[in-house]
Amino acid sequence: MIQFTALSMAELCSSMPTVGGLHYAAAMLAPEGWGPACSWFVGWSNIFGYLTAPCSLNYALASMILTCGSIAHPSYVPTNWHIYLLFLLLLTIEGLVAMQSTRFIGRFNIFGTVFNLLIVIIFVIWFPLGSINIPKTNSSHDVWTNFTNGTAWPTPWATIMGFLTAAYTLAGFDAPVHLAEECSNSAIASPRAIVMAAQSGLYLGWAIILVIAYTVKDIPDVVSGQYGQPFASLCLQVLGSKASLALICLSIIAQFSVATGCAITATRVLFAFSRDGALPGSSWWAKIDCRTKTPVNATWLVVALAAVLGAIAQYTSFTAPVILKLLFGRKRFVRGPWHLGIFSIPINIAAVSFWLILLPAFCFPAVALPDLTLQTMNWTCLIYFGPMGLVMTWYAVSARKWFVGPKANVRQGEDRGTEEKQS
Numbered sequence: 001m002i003q004f005t006a007l008s009m010a011e012l013c014s015s016m017p018t019v020g021g022l023h024y025a026a027a028m029l030a031p032e033g034w035g036p037a038c039s040w041f042v043g044w045s046n047i048f049g050y051l052t053a054p055c056s057l058n059y060a061l062a063s064m065i066l067t068c069g070s071i072a073h074p075s076y077v078p079t080n081w082h083i084y085l086l087f088l089l090l091l092t093i094e095g096l097v098a099m100q101s102t103r104f105i106g107r108f109n110i111f112g113t114v115f116n117l118l119i120v121i122i123f124v125i126w127f128p129l130g131s132i133n134i135p136k137t138n139s140s141h142d143v144w145t146n147f148t149n150g151t152a153w154p155t156p157w158a159t160i161m162g163f164l165t166a167a168y169t170l171a172g173f174d175a176p177v178h179l180a181e182e183c184s185n186s187a188i189a190s191p192r193a194i195v196m197a198a199q200s201g202l203y204l205g206w207a208i209i210l211v212i213a214y215t216v217k218d219i220p221d222v223v224s225g226q227y228g229q230p231f232a233s234l235c236l237q238v239l240g241s242k243a244s245l246a247l248i249c250l251s252i253i254a255q256f257s258v259a260t261g262c263a264i265t266a267t268r269v270l271f272a273f274s275r276d277g278a279l280p281g282s283s284w285w286a287k288i289d290c291r292t293k294t295p296v297n298a299t300w301l302v303v304a305l306a307a308v309l310g311a312i313a314q315y316t317s318f319t320a321p322v323i324l325k326l327l328f329g330r331k332r333f334v335r336g337p338w339h340l341g342i343f344s345i346p347i348n349i350a351a352v353s354f355w356l357i358l359l360p361a362f363c364f365p366a367v368a369l370p371d372l373t374l375q376t377m378n379w380t381c382l383i384y385f386g387p388m389g390l391v392m393t394w395y396a397v398s399a400r401k402w403f404v405g406p407k408a409n410v411r412q413g414e415d416r417g418t419e420e421k422q423s
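Those letters in the sequence shown? Residues 1 to 423, by the UniProt record's numbering.
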């Protein structure tokens, strides 16, 4: 189903290759008179998703780094302010990378892609061969027949809730859309990048999950280990302390490149929405630096907002334009050079159906009454729907009078139709 979502995004990107991406597509495909409102909703949802992505990635990254310190020196116990200071340092470094030239960012992304691929290969080989346990791997019978339900809900619903991890991998799938104006032949290159990312995530993710399933020995210990880091607990359980430190350090480098990529994309999302006049002080955040030709001001706004601050926001912004295309935009949607042909509608329907199932699952806590507390509550509803309620109220009260929809440096309709006739 994640592949269907990625394919649907890729088709939209090929038709409308602009940095505005999803909120631009929402405006183009919305019913007559509803373009600005739909664009406003999708744009803000996308912004909230990308603002929370660097937060979650860098918080986990800071925790991993300090966990290495605890493993190497058992007497060291990280505190919250240690984690937050390291979190701020990581955000600052990523901001410095995101403000550089497009050429530098391209090289950095190539390094990150290659390094992450190498880490997956190392993990898949090292984990089963380097296991300190006897036997080194679990039996196939246990792997394929045992189910551990760590929630208070029935197993079928717990399975759906488990899709949250898979859905989290969608974060950043639309990055090629928001970088479309910084690459050549974007109507082909950007959708191709989306599909390649989704496909590589499918096969590499499947390999990682299989290795973990065959090597993990104590799932409760991994989930609630002494370090509060499931990956670190897993490595210690399988590889021992020294080998674990080496693998965690390599993973830290890989995750830093991922977090930086999310920060870069977040700045482009915020820049595009600022260019459309949707943010307070839009003219300032939409400025392009004359030296690097990148949105430096928007970069540091993202860093600042992340410093003071989900999956649901990202997925909503991904599927909303697809819903609009299915319900209202079939006549207005003009195919780009990369499209799904006769499979477009069935794939779009599958992607939207998957989102409708996941939306309530994202909001469920792992425990039920009477064990539900403030600490175990899932606050996704409040974190996402609270701010979205505020910005939609802002639109109803004020923004609808002056927000006219997205701007772009691509034209749809006549220009795209001419290209199709020529091809």
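Ideal Cβ placement from N, Cα and C applies to all residues, glycine included.
Inter-stretch contact (C-beta, 8 Å, three-pair minimum) for the stretch 328-337 and the stretch 25-36: Short answer: they touch.
Note the first and the last residue of the continuous alpha helix (DSSP H) segment covering residue 161. Unbroken alpha helix (DSSP H) run through residue 161: 155-161.
Where the alpha helix (DSSP H) through residue 369 begins and ends: From DSSP, residue 369 is part of no alpha helix (DSSP H); its letter is neither H nor E.
Which of the three DSSP states, helix, strand or coil, is assigned to residue 28? Three-state DSSP puts residue 28 in a helix.
With distances taken Cα to Cα, identify the nearest neighbour of residue 198 among 8, 90, 404, 389. Closest option to residue 198, Cα to Cα, is 8.
Would you call the CB atoms of residue 299 and residue 98 closer than 7 Å? In this structure, the beta-carbon distance from residue 299 to residue 98 falls below 7 Å.
Alpha carbon to alpha carbon, what distance is there between residue 357 and residue 123? The alpha-carbon atoms of residue 123 and residue 357 are separated by roughly 32 Å.
Identify whether residue 424 lies in helix, strand or coil by the three-state DSSP scheme. Any property of residue 424 remains undetermined from this structure, which presents the chain solely from 1 to 423.
Alpha-carbon to alpha-carbon, residue 175 and residue 380: Cα-Cα distance, rounded: 23 Å.
Under DSSP, the alpha helix (DSSP H) around residue 38 begins and ends at which residues? Unbroken alpha helix (DSSP H) run through residue 38: 35-72.
Does the stretch 239-252 come close enough to the stretch 125-136 that 3 or more CB-CB pairs lie under 8 Å? Judged by pairs of C-beta atoms under 8 Å, the stretch 125-136 touches the stretch 239-252, as three or more such pairs exist.
Which stretch, first to last residue, makes up the alpha helix (DSSP H) that contains residue 107? Per DSSP, residue 107 is one residue of the alpha helix (DSSP H) stretching across 102-129.
With DSSP run on the structure shown, which of helix, strand or coil describes residue 362? Residue 362 carries a helical assignment under DSSP once its states are collapsed to helix, strand and coil.
In whole angstroms, what is the alpha-carbon distance linking residue 348 and residue 10? Computed Cα separation, rounded: 11 Å.
Looking at the secondary structure, which residues open and close the alpha helix (DSSP H) in which residue 392 lies? Run containing residue 392: 380-397, per the alpha helix (DSSP H) assignment.
Residue 38 CB to nearest heavy atom of the ligand FAD below 6 Å: Of the ligands one can find in the structure shown there are none, so the ligand FAD has no counterpart to examine.
Roughly how many whole angstroms lie between the Cα atoms of residue 360 and residue 160? Residue 360 and residue 160: Cα-Cα distance of roughly 10 Å.
Nearest-angstrom Cα distance between residue 303 and residue 71? Computed Cα separation, rounded: 30 Å.
Spatial neighbours of residue 325 in its chain, beta-carbon cut-off 6 Å, leaving aside the 5 residues before and after: 29, 333, listed in sequence order.
Tell me whether the stretch 264-276 and the stretch 42-58 touch, counting them as touching only if at least three CB pairs, one residue from each stretch, are closer than 8 Å. The stretch 264-276 is in contact with the stretch 42-58.
Looking at the unbroken alpha helix (DSSP H) that takes in residue 461, where does it start and where does it end? Since the first residue of the chain shown is 1 and the last is 423, residue 461 is not available in this structure.
Residue 248 vs residue 232 beta-carbon contact at 7 Å: Yes. Within cutoff.
DSSP-derived helix/strand/coil call for residue 227: DSSP places residue 227 in coil when its eight states are reduced to three.
Does the beta-carbon distance from residue 223 to residue 234 come in below 7 Å? Inclusion of residue 223 and residue 234 in the CB contact set at 7 Å is not warranted, their separation being larger than that value.
Classify residue 76 as buried or exposed, calling it buried when 16 or more other Cβ atoms lie within 10 Å of its own Cβ. Classification of residue 76: exposed, given that the 10 Å Cβ count is below 16.
Only counting runs of 4 or more residues, tell me where the alpha helix (DSSP H) segments fall wholly within the stretch 71-100, in order along the chain. Counting whole runs of 4 or more residues, the stretch 71-100 contains the alpha helix (DSSP H) stretches 80-98.
Own chain, CB closer than 8 Å to residue 69, minus 5 neighbours either side, in chain order: Here residue 69 has 76, 78 as same chain residues with Cβ atoms under 8 Å from its own Cβ, once five neighbours each way along the sequence are excluded.
Can you tell me where the alpha helix (DSSP H) with residue 7 in it begins and where it stops? Here the alpha helix (DSSP H) through residue 7 covers 2-15.
Confirm, please, whether the CB-CB distance from residue 190 to residue 211 is below 7 Å. No, these two residues do not count as a Cβ contact at 7 Å.
Would you identify the three-state DSSP class for residue 242, choosing helix, strand or coil? Three-state DSSP puts residue 242 in a helix.
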